[in-house]
Amino acid sequence: MAFILSNIVSKTCVKSLEDKLLALSISASGTQIRERHIMNPPPRLRNPTWFTKKHRVVHNDEITTDNQEFVKEVVQDKYSNKDESPLLSEIAANAAEWQPTFKRTGVIARKIGIYPIWMKDGTKMTTTLLQVLDNHVIKYYTPEEYENSQPNKTRVMKKKGCLLLGAEGTDPSLLTKEYCGLFKNSGVIPKKFLARFFVSPDAALPPGTPINALHFQVGNFVDVRGKTIDRGFQGVMKRHGFKGMPASHGVTKTHRRGGNIGGGGEKARVWPGTKMPGHMGNRYRVLKGLKIWRINTKYNVLYVSGQNVPGDTNSIVTIYDTILPLRKPSNPVPFPTYLNTDEIHEEDLYDDDVHQFCDPTIEYNET
Amino acid sequence: MLSFISKKSNSIASNTRNFLRHSTSSQALKPTEEVNSSNNKPKDGRKSYAEFRHIYPEFLPDPKIEFRNSIREKLERSDMIARRTLIDIPEFYVGTIMAVTVSDKHTPGKPLRFVGICIKREGCGLRSTFILRNVVDHQGVEVMYELYDPTIQKIEVLRLEKRLDDELLYLRDSLSEFSTFDSNMEAEILAEGTPVPVNPIKVQLKPRPWLERWERKNLKGVEKIDLPEKFFKRAAELAKPYEKYDLMKQYMGTIPEEEQNEIFAEIQSQLHKLEVTRKKMKRKRTFVKPTKLA
């Protein structure tokens, strides 16, 4: 009897607890709680799923040359099979037609240097050469699947999917198991560099799709994102372009200093954002609206205007279609990417205004 | 520098081979000096790569390692060759008297021709430039031309020679007679196979003030400078005579010989073709102008 009673009591207890919890949850969702709450929730410190340890510690295993060759053979066998790579014609057949509102994927490229080109009217222009590396799609996250590691401050109405791209294939035996695992489903050899690109769901590509320089067209505009040159801790003259102070005329100990950093009275403090000495460079910056003047199809090189693309020569940059509204393409662009591999191109594609080096000398005739 | 190395014993020859590199400055005066005649001499009597580096210095990339990229350099070279097949860019050095004809959009239909002495040649790849200087109506005039600028219609060498220095910027501070050249000057044709002559002329500088402190530059093509003793004392204090023994500095500032050979081997056949056409043109030119006797 006692046993039954206790059982009933415990059951009712559980029931009442459940009721209470239910009530709480309803109240939490429906009515306002008048108590102290956190305005800005702390950021969820979480890395994206592809952010794993990349390089493994390479020990001297003293493998014989025979075994080294065997490892190489295994790697070759594993990644040389072309069966898993998606049929490009199939993708092209299923692709939606390009619309100006669609957002395509970008590419990973390497800044390989700067050199001049001349226009047909004889003016000189400096261009930066960006070599599009062997880009392959690694993974596609649908808008529902993709969870941002940082909480969204503003609600995005048109949701974008996330395309993970890799570039520059490398020896997988130098990488960790987890990092190589990222490439498992794409059938692509593990890549040195990864980058994510937010695309409209119509512009999604299946894993393993290659992307080359013809993804862009001559005459279109691009944005280039790169990591600026690390200049270390710098003074205000170099960092913010201050004028400094005179070298002589009684000036002592203050030739390159910033001078005053604040006023008095109400403003008697250092205002946020005051330009002061500090670390300069080594941060990501985007240079927007660069025109593509020329494309080399043999080496996948884009010649874009400007000599101030962020980053050193030989550094990695990412190239996007421009977001500047007046420079967005009005004519159809290869969508979702350039897939026609059978088409034979000339080695160099030029903009109409560019003087080719094999053209005859520029002459101005009387009109 | 080169001679310094070659004097050393054979035991370190293999080590120093890496340092036998291109230098536009000190070696410019001895182009015929063969560094390694057996290895880098191309077949069938063509020019050796050691000669190429003096005739075509702009084909060698910037030695600064942070600016280098092999694919960019290759693309740049192919563009340079494409331009060179259209116009004849002759062999010239600092000290050569040249005439450049360019089309100017402000004078349509009338190309501009400027005659002057080359006082500086710098840059590499498509960015290479040279400066011509002349005195026109008692006024010194200098024009900087880009070697691969497509508005250049013609580059003529009127007198192929070298001077004692690598840069002739001191002509700006010397008497005007040393940088005055007749704009109607006729081209002097050197016999084939003769080495490029070195003009041992010594120019006289104007009294101070100058654009630079020329007494500190160790100039060979300048007559004795008339200055108080303290200027030379200071110049001796600031001189760096040990710098020519700095192998590392030389290594960082130049392209290794092996890389040079690689570069020139790639473009050698095209350069040879251009040279053949140039020779043909030269022969034609010499034939058209017979000297009148009687």
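In order, the protein sequence lines correspond to chains A and B.
Just so we're aligned, residue 1 is where the first sequence starts under the UniProt record's numbering, counting upward by one.
Just so we're aligned, residue 1 is where the second sequence starts under the UniProt record's numbering, counting upward by one.
The beta carbon of each residue, even a glycine, is placed where N, CA and C say it ideally should be.
Mapping DSSP to helix, strand and coil, what is residue i?
i                      : result
residue 321 of chain A : strand
residue 120 of chain B : strand
residue 113 of chain B : strand
residue 277 of chain B : helix
residue 187 of chain B : coil
residue 101 of chain B : strand
residue 301 of chain B : Limits of chain B in this structure are 1 at one end and 294 at the other, which puts residue 301 of chain B out of reach.
residue 242 of chain A : coil
residue 269 of chain A : coil
residue 7 of chain B   : With a pLDDT of 38 at residue 7 of chain B, under the threshold of 50, the predicted position of this residue should be treated as unreliable, and no value is reported.
residue 348 of chain A : strand
residue 139 of chain B : strand
residue 248 of chain B : helix
residue 305 of chain A : strand
Just confirm the distance between the C-beta atoms of residue i and residue j, as a whole number of angstroms; I'd bet it's less than 8 Å.
i                      : j                      : result
residue 116 of chain B : residue 144 of chain B : Not really, about 11 Å apart at Cβ, beyond 8 Å.
residue 110 of chain A : residue 133 of chain A : 6 Å
residue 294 of chain A : residue 218 of chain A : 7 Å
residue 296 of chain A : residue 347 of chain A : 6 Å
residue 59 of chain B  : residue 255 of chain B : That pair is no contact at about 10 Å.
residue 169 of chain A : residue 186 of chain A : Actually they are not in contact, since the Cβ atoms of residue 169 of chain A and residue 186 of chain A sit about 12 Å apart, beyond 8 Å.
residue 141 of chain B : residue 187 of chain B : Going by Cβ atoms, the distance from residue 141 of chain B to residue 187 of chain B rounds to 21 Å, so no, they are not a contact pair.
residue 304 of chain A : residue 224 of chain A : 7 Å
residue 55 of chain A  : residue 175 of chain A : 6 Å
residue 81 of chain B  : residue 112 of chain A : Not a contact, Cβ separation roughly 19 Å.
Compare the C-beta of residue i against all C-beta atoms of chain A and say whether one is closer than 8 Å.
i                      : result
residue 125 of chain B : yes
residue 218 of chain B : no
residue 186 of chain B : no
residue 206 of chain B : no
residue 295 of chain B : It is not possible to answer for residue 295 of chain B, since the shown part of chain B is limited to 1 through 294.
residue 72 of chain B  : yes
residue 88 of chain B  : no
residue 58 of chain B  : no
residue 108 of chain B : yes
residue 261 of chain B : no
Given 7 Å as the limit, tell me if residue i has its C-beta closer than that to any heavy atom belonging to the ligand ZN.
i                      : result
residue 299 of chain A : Absence of the ligand ZN from the depicted structure is noted, as is the absence of any ligand whatsoever, leaving it without description.
Span of the beta strand (DSSP E) holding residue i?
i                      : result
residue 125 of chain A : 124-132
residue 130 of chain B : 129-136
residue 285 of chain A : 284-296
residue 234 of chain A : 232-234
residue 195 of chain A : 191-199
residue 114 of chain A : 107-119
residue 358 of chain A : Where residue 358 of chain A is concerned, there is no enclosing beta strand (DSSP E), given that its DSSP letter is neither H nor E.
residue 62 of chain B  : Note, residue 62 of chain B: premise wrong, no beta strand (DSSP E); not H, not E.
Look at the alpha carbon of residue i and the alpha carbon of residue j, and state the distance between them as a whole number of angstroms.
i                      : j                      : result
residue 72 of chain A  : residue 195 of chain A : 27 Å
residue 274 of chain B : residue 91 of chain B  : 12 Å
residue 136 of chain B : residue 150 of chain B : 26 Å
residue 170 of chain B : residue 200 of chain B : 15 Å
residue 122 of chain B : residue 148 of chain B : 13 Å
residue 242 of chain B : residue 232 of chain B : 18 Å
residue 367 of chain A : residue 155 of chain B : 27 Å
residue 84 of chain B  : residue 320 of chain A : 36 Å
residue 143 of chain A : residue 108 of chain A : 22 Å
residue 250 of chain B : residue 215 of chain B : 24 Å
residue 338 of chain A : residue 182 of chain A : 25 Å
residue 166 of chain A : residue 97 of chain A  : 26 Å
residue 69 of chain B  : residue 312 of chain A : 12 Å
residue 239 of chain A : residue 278 of chain A : 8 Å
residue 224 of chain B : residue 95 of chain B  : 20 Å
Taking the alpha helix (DSSP H) that residue i falls in, what are its first and last residues?
i                      : result
residue 70 of chain B  : 70-86
residue 180 of chain A : 177-181
residue 91 of chain A  : 88-94
residue 80 of chain A  : 65-80
residue 159 of chain B : Premise fails: residue 159 of chain B lies in the beta strand (DSSP E), 152-159, not in any alpha helix (DSSP H).
residue 140 of chain A : Premise fails: residue 140 of chain A lies in the beta strand (DSSP E), 135-141, not in any alpha helix (DSSP H).
residue 53 of chain B  : 49-55
How about residue i: is its C-beta nearer than 8 Å to some C-beta of chain B?
i                      : result
residue 113 of chain A : yes
residue 61 of chain A  : no
residue 342 of chain A : no
residue 129 of chain A : yes
residue 116 of chain A : yes
residue 295 of chain A : no
residue 28 of chain A  : Because the pLDDT of residue 28 of chain A is 46, which lies under 50, any placement of that residue in the model is unreliable, and the number read from its coordinates should be weighed accordingly. Taking Cβ atoms only, chain B never reaches closer than 8 Å to residue 28 of chain A, which makes this a no.
residue 357 of chain A : yes
residue 228 of chain A : no
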